[in-house]
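> After the structure tokens below, expect a handful of questions from me.
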Amino acid sequence: MHAGGNSYIRQNDETGPLPGRWSPGSFMPDERRPGEQCRRRQPAVRRILGVILVALVVVSALFVISRIAAPYLVSSGLVRSAMEGAVSRWTGHRVSMSGTPEIEFWPKPRVSLNGVTISKPGADGMKVLGRIEKLSATFGLYSAMRGRPQFDAFHLLRPRFHVDRDNNGRLDWASEGLLSAAVREVEPRDGDAQMLGPEFDASVGAVTIEDGSIELTDEASGHLLVANGISADIAWPRLSQALKATALLDAGGLAIKLDFSSPQPLLLFSGRDARLNATLDAAAFAARFDGVVNLTDGLFRSGGLALSAKDIAALKAWSGIRLAGLDNVKQAQLTAELARVGEELRLDGLEFDVNDIHGTGILSLSRPAGAKPRVSGTLAFDRLNITRLLSAFSLDLPSADEESQATERPPRLLQWLDFDLTLSATRADLPPFELGDVAASILATGKAAQFDIADAAFEGGDLTASFIGAGSGFARGGDLTLSIRNADFAAVADHLKVAGPVARGRGSVDLTVNTRQPPWETGLSDMSGTFTFASQGGVLTGIDAPAIRRLASTSAYFQLSAGGDGSMPYDRLDYSARFASGRAEVLKARLVGPDETLTVSGIVPYADNALALLGELSATDPAGEAAFPRLRFFIGGAWPDPVITPIYLPPANPLK
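Using my numbering, read the sequence shown as starting at 9 and increasing by one per residue.
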């Protein structure tokens with residue numbers, strides 16, 4: 009047992025405690041263990057760092073050696089001809105170079121061609137499509153050593169491109185090049201993508217344009233569009249993939265920033281429907297579109313549209329737009345969802361702001377055969393100015409003797425478009441009045457123009473109106489029919505600032521007017537028509553019947569103001585007249601008061617501010633004739649303070 013015990017003890021001393029046995033030393037730290045571990049790790053770390061350092065040195069050395077040896081390994085003539093061939097294959101046109109090529113190998117291999125000209129055979133010889141002061145691109149050193157350099161990261165310095173668009177929308181850049189072939193072969197794919205066979209799916213890479221320009225001549229319209237100072241960055245990994253571009257350019261003196269992207273660029277260039285996201289931003293305006301377009305038709309198919317005119321004056325000066333009423337607009341913005349249904353373009357969810365006016369609605373734009381484009385739909389305004397609305401929808405064409413002044417006349421909307429709109433407004437201004445809850449419509453075509461107010465709140469009553477323009481537009485007058493029911497005519501008189509006797513009470517009006525002048529410029533002498541007024545209770549200010557009777561008994565004539573500031577109450581007032589050429593004929597004027605009745609007849613030459621009337625005061629109840637005897641008088645002089653001349657009747661029985 010003793011021997012066995014010693015053996016047990018030696019085993020513990022040499023190997024440590026047996027499993028399952030407790031030993032005091034098993035919980036005591038081994039002071040030698042951390043140091044030994046650090047010494048074992050340090051050689052491994054040094055070996056790894058050494059390998060990395062050697063690899064970096066080797067790679068750097070190879071890089072430097074390759075750049076130093078590159079001029080001896082790569083043929084500059086080969087790279088130049090390959091570059092010219094690449095541009096020619098891409099464009100499908102003849103490419104020539106006038107300058108000496110430049111090849112750099114540090115920090116990346118790059119070839120630069122100077123004086124590059126792109127041309128094609130034309131009817132009168134070679135037609136120049138573009139010139140590039142310097143065209144450069146990076147290329148792979150290994151591919152160049154193999155004799156087939158692959159180019160990437162193209163840089164165009166001061167390119168000048170000329171593009172002609174024929175009547176069929178075809179560009180003269182169309183060719184048999186790689187890009188044109190890809191455009192012909194591309195097919196749409198689900199998920200707003202495009203599909204291209206591998207034999208056409210060439211690598212493009214990055215393209216940078218510095219100080220470029222484009223001239224586009226449109227044969228159909230005869231317009232020349234020029235963009236200068238173009239700086240652009242284009243990212244297009246492969247022809248089958250999405251294209252993204254950012255550009256700064258100068259168009260007619262206006263700096264514009266363009267952000268453009270399309271997952272279907274080849275479909276876009278082929279004139280088929282393609283997805284597009286584009287943003288234009290300038291000091292005068294901004295525009296954004298995200299949806300489907302078709303360049304052949306020049307039309308938006310569907311998508312979100314946002315337009316903002318931030319500085320109308322600057323926009324007018326830049327674009328040369330001349331439009332009646334545009335001077336009143338300071339800023340405007342619009343957002344809508346576009347949708348094309350057949351030949352009709354719809355603007356759904358339309359929201360717009362013009363100055364401080366906000367509106368919403370739905371519009372559609374169509375073009376009937378042989379007619380101007382037609383705008384129809386429904387618009388709802390917070391506030392509407394009816395005078396400016398009619399002015400904007402007027403067609404003011406000069407007559408034959410005004411042709412010399414035609415350039416001074418701003419064109420009207422109706423020269424470009426026809427309109428059929430339903431309008432509503434919470435408030436509408438018809439100076440000096442304000443209407444509420446207006447429901448209206450406007451029909452304006454090349455043959456007719458009509459503006460209707462189906463219903464509107466007017467001074468506590470209701471108003472309806474219809475104005476039919478004389479011909480196309482409202483600038484040459486027309487026929488107006490106006491009806492007002494149960495309105496407060498005291499407020500009407502206050503708005504009109506009428507001087508002289510005024511009926512203050514609730515009443516109704518029926519008015520028909522014909523004029524050959526614009527309604528916003530029409531004077532009373534330019535109108536002809538009829539006027540009817542009826543009121544059930546009120547007072548006629550400026551008429552004091554007792555004072556008139558008193559003055560008539562003592563004076564041969566007197567001014568109306570001599571009777572004081574009294575008023576004449578009435579239970580009913582009826583008035584009707586017809587007017588033309590600055591003169592009104594009073595057909596009926598009868599005021600029935602509690603005690604007296606006033607009747608007036610005659611003519612009013614209002615163009616001369618004159619009166620020629622015959623008036624009569626009599627008892628309302630024949631039984632009261634003794635208290636209110638009949639009094640007849642002439643009313644002459646000038647409004648608003650006419651002269652009254654009593655007419656003395658002979659006694660009924662002079663012999664008695």
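Even for Gly, the Cβ is constructed at its ideal location relative to N, Cα and C.
(1) Taking only the alpha-carbon atoms, compute the straight-line gap between residue 478 and residue 458 and give it to the nearest angstrom.
(2) Name the two residues that bound the continuous beta strand (DSSP E) containing residue 366.
(3) Quick one: give me the first and last residue of the beta strand (DSSP E) that residue 207 is part of.
(4) Under three-state DSSP, which class holds residue 274?
(5) Taking the alpha carbon of residue 641 as the point to measure from, which residue in 594, 557, 156, 616 has its own alpha carbon closest?
(6) Tell me, please, which residues DSSP counts as bridged to residue 196.
(7) What is the DSSP secondary structure of residue 522, reduced to helix, strand or coil?
(8) Considering only the alpha carbon of each residue, which of 100, 229, 394, 121 lies closest to residue 186?
(9) Which residues in the same chain as residue 595 place their Cβ atom closer than 7 Å to its Cβ, once the five residues preceding and following it in sequence are excluded?
(10) Could you tell me which residues DSSP puts in a beta bridge with residue 667?
(11) Just curious, the beta strand (DSSP E) that residue 496 is in, first and last residue?
(12) Check for me: the alpha helix (DSSP H) holding residue 563 runs from which residue to which?
(13) Identify whether residue 178 lies in helix, strand or coil by the three-state DSSP scheme.
(14) Do residue 315 and residue 341 count as a contact pair if the criterion is CB distance below 8 Å?
(15) Select from 241, 202, 198 the residue whose C-alpha is nearest the C-alpha of residue 217.
(16) Report yes or no: do three or more beta-carbon pairs, one from the region 565-575 and one from the region 599-617, lie closer than 8 Å?
(17) Measuring alpha carbon to alpha carbon, tell me which of 53, 589, 485 ends up nearest residue 532.
(18) Checking 8 Å against the spacing of the C-beta atoms, do residue 118 and residue 145 come in under that value?
(19) Measure the Cβ-Cβ separation of residue 499 and residue 529 and say whether it is below 8 Å.
(20) Out of curiosity, what's the CA-to-CA distance linking residue 96 and residue 102?
(21) For residue 632, I'd like the list of residues in its chain whose CB is within less than 8 Å of its CB, leaving aside the five on either flank, ordered along the chain.
(22) Please return the same chain residues whose Cβ sits closer than 6 Å to the Cβ of residue 225, not counting the five positions on each side in sequence.
(23) Comparing alpha-carbon positions, which option in 446, 451, 574 lies nearest residue 422?
(24) Considering only the alpha carbon of each residue, which of 266, 254, 279 lies closest to residue 291?
(25) What alpha helix (DSSP H) runs, 4 residues minimum, are completely inside the region 281-369?
(26) DSSP three-state call for residue 446: helix, strand or coil?
(27) Work out the CA separation of residue 138 and residue 120 for me, nearest whole Å.
(28) Run the CB neighbour count on residue 486, radius 10 Å, all protein chains shown included, and call it buried at 16 or more, exposed below.
(29) Report the CB separation of residue 648 from residue 507 in whole angstroms; it is logged as a contact under 8 Å.
(30) Kindly indicate which residue of 356, 161, 622 has the alpha-carbon position closest to the one of residue 116.
Once the coordinates are examined:
(1) By 1-based counting over the sequence shown, the position of residue 478 is 470. By 1-based counting over the sequence shown, the position of residue 458 is 450. Roughly 9 Å separates the two Cα atoms.
(2) On the sequence shown, residue 366 is found 358 positions in, with the first residue counted as 1. 365-374 is the span of the beta strand (DSSP E), which, as asked, contains residue 366.
(3) Position 199 of the sequence shown holds residue 207. Run containing residue 207: none; DSSP gives neither H nor E here.
(4) Along the sequence shown, one-based indexing puts residue 274 at 266. Three-state result, residue 274: helix.
(5) Residue mapping note: residue 641 aligns to position 633 of the sequence shown, counting from 1. Checking every option, the nearest Cα to that of residue 641 belongs to 557.
(6) As a first step, residue 196 is located in the sequence shown; it is residue number 188 there, counting from the start. Answer is 202, bridged to residue 196.
(7) For this step, residue 522 is matched to residue 514 along the sequence shown. It is a strand residue.
(8) Within the sequence shown, residue 186 is the residue found at index 178, counting from 1. Comparing Cα-Cα distances from residue 186 to each of 100, 229, 394, 121, the minimum goes to 100.
(9) Sequence index remark: in the sequence shown, residue 595 carries index 587 (1-based). Result list for residue 595: 584, 585, 586, in chain order.
(10) There is no way to answer for residue 667, as the model of the chain reaches only from 9 to 664.
(11) In the sequence shown, residue 496 corresponds to position 488, counting from 1. Residue 496 -> beta strand (DSSP E) spans 486-496.
(12) Counting from 1 along the sequence shown, the entry for residue 563 is found at position 555. Run containing residue 563: none; DSSP gives neither H nor E here.
(13) Residue 178 sits at position 170 when you count from the first residue of the sequence shown. Of the three classes helix, strand and coil, the one that applies to residue 178 here is coil, per DSSP.
(14) The residue you call residue 341 lines up with position 333 of the sequence shown. The residue you call residue 315 lines up with position 307 of the sequence shown. Taking 8 Å as the Cβ cut-off, residue 341 and residue 315 qualify as a contacting pair.
(15) Translated into the one-based positions of the sequence shown, residue 217 becomes position 209. Selected option, being the one with the closest Cα: 241.
(16) no
(17) Working through the sequence shown from its first residue, we reach residue 532 at position 524. Cα-wise, what sits closest to residue 532 is 589.
(18) On the sequence shown, position 110 is the one that residue 118 refers to. On the sequence shown, position 137 is the one that residue 145 refers to. Yes.
(19) Within the sequence shown, residue 499 is the residue found at index 491, counting from 1. Within the sequence shown, residue 529 is the residue found at index 521, counting from 1. No, they are not a contact pair.
(20) As a position in the sequence shown, residue 96 is number 88, starting the count at 1. As a position in the sequence shown, residue 102 is number 94, starting the count at 1. Roughly 6 Å between the two C-alpha positions.
(21) Along the sequence shown, read from residue 1 onward, the residue named residue 632 stands at position 624. Excluding positions up to five away in sequence, the list reads 603.
(22) Reading the sequence shown from its first residue, position 217 is the one you call residue 225. Excluding residues within five positions, the ones whose Cβ falls inside 6 Å are 172, 232.
(23) What you label residue 422 is simply residue 414 of the sequence shown in a count that begins at 1. Of the listed residues, the one whose Cα sits closest to residue 422 is 451.
(24) Walking along the sequence shown from the start, residue 291 turns up at place 283. For residue 291, the nearest C-alpha among the options comes from 266.
(25) 320-327
(26) For the purposes of this step, residue 446 is taken as the residue at position 438 of the sequence shown. Note: residue 446 maps to strand in three-state DSSP.
(27) Here residue 120 is taken as the residue at index 112 of the sequence shown, counted from 1. Here residue 138 is taken as the residue at index 130 of the sequence shown, counted from 1. Spanning the two alpha carbons is a distance of roughly 17 Å.
(28) Here residue 486 is taken as the residue at index 478 of the sequence shown, counted from 1. Residue 486 comes out buried.
(29) Here residue 648 refers to the residue found at position 640 when the sequence shown is read from its first residue. Here residue 507 refers to the residue found at position 499 when the sequence shown is read from its first residue. Yes, residue 648 and residue 507 are in contact; Cβ-Cβ is about 4 Å, under 8 Å.
(30) What you label residue 116 is simply residue 108 of the sequence shown in a count that begins at 1. Out of 356, 161, 622, 161 has the C-alpha closest to the C-alpha of residue 116.
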